[in-house]
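The sequence shown begins at 9 in my numbering and counts up by one.
Every residue, glycine too, gets a C-beta built ideally from N, C-alpha and C.
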Amino acid sequence: MNILVLNCGSSSIKYKLFDMPDGGELAGGLLERIGEETSQLSHRAGGRKARVDGKVADHWEGLKWVVEALLHPEHGAIRDPSEIGAVGHRVVHGGEQFMGSVPITPEVVEAIREFSGLAPLHNPPNLIGIQAAQELLPGVPQVAVFDTAFHGTMPRYAYLYAIPYEYYQKYRIRRYGFHGTSHRYVSMRAAELLGRPLKELKLITCHLGNGCSVAAVRGGRSVDTSMGFTPLEGLVMGTRSGDVDPAIVPFLAREEGLSVEEVERVLNKKSGLLGLSGVSNDMREVERAAREGEERAEIALEVFAYRVKKYIGAYTAVLGGVDAIVFTGGIGENAYRMRERICEGLEGLGITLDPECNRRTVGRREGEIGRDDAPVRILVVPTDEELLIARDTLEVAGPKI
Ligand code: ADP
Numbered sequence: 009m010n011i012l013v014l015n016c017g018s019s020s021i022k023y024k025l026f027d028m029p030d031g032g033e034l035a036g037g038l039l040e041r042i043g044e045e046t047s048q049l050s051h052r053a054g055g056r057k058a059r060v061d062g063k064v065a066d067h068w069e070g071l072k073w074v075v076e077a078l079l080h081p082e083h084g085a086i087r088d089p090s091e092i093g094a095v096g097h098r099v100v101h102g103g104e105q106f107m108g109s110v111p112i113t114p115e116v117v118e119a120i121r122e123f124s125g126l127a128p129l130h131n132p133p134n135l136i137g138i139q140a141a142q143e144l145l146p147g148v149p150q151v152a153v154f155d156t157a158f159h160g161t162m163p164r165y166a167y168l169y170a171i172p173y174e175y176y177q178k179y180r181i182r183r184y185g186f187h188g189t190s191h192r193y194v195s196m197r198a199a200e201l202l203g204r205p206l207k208e209l210k211l212i213t214c215h216l217g218n219g220c221s222v223a224a225v226r227g228g229r230s231v232d233t234s235m236g237f238t239p240l241e242g243l244v245m246g247t248r249s250g251d252v253d254p255a256i257v258p259f260l261a262r263e264e265g266l267s268v269e270e271v272e273r274v275l276n277k278k279s280g281l282l283g284l285s286g287v288s289n290d291m292r293e294v295e296r297a298a299r300e301g302e303e304r305a306e307i308a309l310e311v312f313a314y315r316v317k318k319y320i321g322a323y324t325a326v327l328g329g330v331d332a333i334v335f336t337g338g339i340g341e342n343a344y345r346m347r348e349r350i351c352e353g354l355e356g357l358g359i360t361l362d363p364e365c366n367r368r369t370v371g372r373r374e375g376e377i378g379r380d381d382a383p384v385r386i387l388v389v390p391t392d393e394e395l396l397i398a399r400d401t402l403e404v405a406g407p408k409i
C-alpha cells in the first residue's frame with residue numbers, strides 16, 4: 009500500500025510517497041515558491057530526478073503538479089491516482105485536543121482552523137493542503153499527524169507558565185512544544201539502537217536544525233520540551249532568539265520605536281545565529297566564519313552550544329538521570345564540532361564524547377559517539393519525520409483501506 013505524506017508550508021509543498029508497511033521510499037520532492045512568478049518542483053523517484061519550473065498559483069495547483077509528477081511516465085512512481093491508498097498530513101498545531109494522530113473529519117478540520125490563532129504561519133497552509141488533497145484524491149483516507157501531539161504528555165507543572173491562571177483558561181496560553189514527530193521518531197530509533205525497551209529509558213533528544221528544540225523523554229513519553237507556546241522559546245536557532253527576558257520586548261519597543269509586531273519579528277527573523285554572528289543563519293557559514301577569525305561568529309557558536317548544554321543539565325535533573333543523549337536535525341547530524349562544544353564539560357554528568365566516533369558520524373549516518381566506558385550513551389540518529397507520519401497514517405487509516 010502506497011502512502012503519500014504531505015508537508016505544506018506557506019509557499020511550499022514537501023512530499024514523499026512510501027511503500028508501506030516496508031517504509032520504502034518510492035518518490036519524493038519539494039515544490040517551492042508557490043504563488044510567486046516562477047515556482048520550482050524538484051522531484052525524484054528511484055534513481056530518476058526531474059526539475060520543473062513554471063507558475064503555480066496556489067496549493068491546489070501545487071498538489072496537481074505533485075500528483076502529475078508521481079504519475080509521470082518517465083520519472084513517476086505510480087500509474088494511477090488510485091494507487092495512493094492514504095494521505096498523511098503534517099499539521100503543526102493540534103492545541104490541547106490532539107494527543108495522537110487522527111483520521112481527518114470535518115470536526116478535525118474545524119479544530120485545526122480554530123488552532124490557527126496559535127500557529128498563524130503554519131496551520132493555515134496545512135489546512136489548505138488537506139482541502140486540496142481531499143478534492144484531488146476524493147475518497148482517499150486522510151490522516152493528520154500533529155507536531156504538538158507527542159508533548160501532550162507533559163505534566164501540568166511543566167506546561168504552565170507562571171502568569172495569571174486566567175490567561176491559560178481564556179487563551180490556552182501554555183507550553184505546547186513542537187518537532188514532536190522528530191523527537192518521537194528518534195526516541196524509538198534510539199531504543200532500537202540501544203537494544204533496550206523504550207519504556208525503560210530516560211532520553212534527552214536534541215533536534216538541532218533551522219529550528220531547534222530539546223525534549224526530556226521518559227519511557228517514550230515527552231515530559232518536557234524547550235519550545236513553548238510558540239516555536240520561539242528555548243534554544244538559539246537559525247534566526248530565532250530562543251529564551252529571552254520578556255522585559256526585553258517592551259524595552260526594545262520603547263528604545264527603538266518599534267511596534268510589538270516589529271519586536272516579535274526581530275526575535276523570530278533577525279536573532280539567533282544570524283543576529284549574533286551578523287554572518288548567516290546557516291551553521292556551516294557561521295562555523296566557517298569563526299574558523300576564519302570572525303569574533304561574532306565565534307560568539308554565536310558559544311551561545312548556541314551553551315544553551316543546549318544548559319538544557320541537557322536541566323533535563324537530566326527533570327528525568328532524575330539520563331540513559332542517552334540523542335542528536336538529530338541538520339546540525340545535530342552533521343556539525344560534529346558543535347556536538348563537541350555541547351558535550352564539553354559534561355563529564356561530571358557521565359556524558360563523554362569519543363572524539364574519533366564523533367568526527368566519523370556525519371552525513372545522515374546513525375551511530376554511537378560516546379565513550380564506551382561512560383555511563384551515558386550518546387547517539388546520532390538522522391530524523392525521519394515523514395516515515396513516522398506514513399506509519400501513523402497506515403495505523404490510523406489502515407482499517408479503512
Ligand atoms: P530544517 O530545520 O529546516 O529541516 P535542517 O534540519 O536541514 O533544517 O538543518 C539545517 C541546519 O543544519 C543549518 O544550520 C545547516 O547549516 C546545518 N547543517 C547541515 N549540514 C551541516 C554540516 N555538514 N555542518 C554543519 N552544519 C550543517
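Item: Quick one: what's Val151 bridged to in DSSP?; Value: Gly96 and Pro111
Item: Runs of 3 residues minimum, wholly inside the segment 219-256: which ones carry the beta strand (DSSP E) assignment?; Value: 220-226 and 229-233
Item: For Ala58, collect the residues of the same chain with a Cβ closer than 6 Å to its Cβ; drop the 5 residues on either side in sequence, then sort them by chain order.; Value: His51 and His83
Item: What are the boundary residues of the alpha helix (DSSP H) that includes Val370?; Value: Element bounds for Val370: n/a, residue is neither H nor E.
Item: What I want to know is whether the C-beta of Asn342 ends up closer than 6 Å to one or more non-hydrogen atoms of the ligand ADP.; Value: yes
Item: Along the chain, where does the alpha helix (DSSP H) containing Thr213 start, and where does it finish?; Value: Careful: Thr213 lies outside any alpha helix (DSSP H), inside the beta strand (DSSP E) at Lys210 to Leu216.
Item: Just checking my contact of Val271 with Ala261 at CB under 8 Å: how many whole Å lie between their CB atoms?; Value: 5 Å
Item: I think Val100 touches Asp66, with their Cβ atoms under 8 Å apart; what is that distance to the nearest whole Å?; Value: Not confirmed; about 19 Å, so no contact.
Item: Can you find at least 3 beta carbon pairs, one from the segment 313-325 and one from the segment 188-204, that sit closer than 8 Å?; Value: no
Item: How big is the Cα-Cα spacing for Leu144 and Ser190?; Value: 28 Å
Item: Quick one: using the 10 Å Cβ neighbour count with 16 as the cut-off for buried, is Val151 buried or exposed?; Value: buried
Item: Looking at the secondary structure, which residues open and close the alpha helix (DSSP H) in which His67 lies?; Value: His67 to Leu79
Item: Within its chain, find whatever has a CB closer than 7 Å to the CB of Arg226; leave out the 5 residues flanking it on each side and keep chain order.; Value: Lys210 and Leu327
Item: Identify every run of the alpha helix (DSSP H) within the segment 271-357, keeping only runs that are complete inside it and at least 4 residues long; order them along the chain.; Value: 280-285, 291-299, 303-327, 337-342 and 344-351
Item: Give me the residue from Leu14, Val231, Gly242 and Ser195 with the minimum Cα distance to Val153.; Value: Leu14
Item: Less than 6 Å separating the Cβ of Gly36 from some heavy atom of the ligand ADP?; Value: no
Item: Less than 7 Å between the C-beta atoms of Gly378 and Thr369, yes or no?; Value: no
Item: Given the structure, does Asn276 come close to the ligand ADP, in the sense that its CB is under 6 Å from one of the ligand's heavy atoms?; Value: no
Item: With hydrogens ignored, establish whether the beta-carbon of Arg292 is closer than 6 Å to any heavy atom of the ligand ADP.; Value: yes
Item: Hey, would you say Gly280 sits closer than 7 Å to Val244, going by beta carbons?; Value: yes
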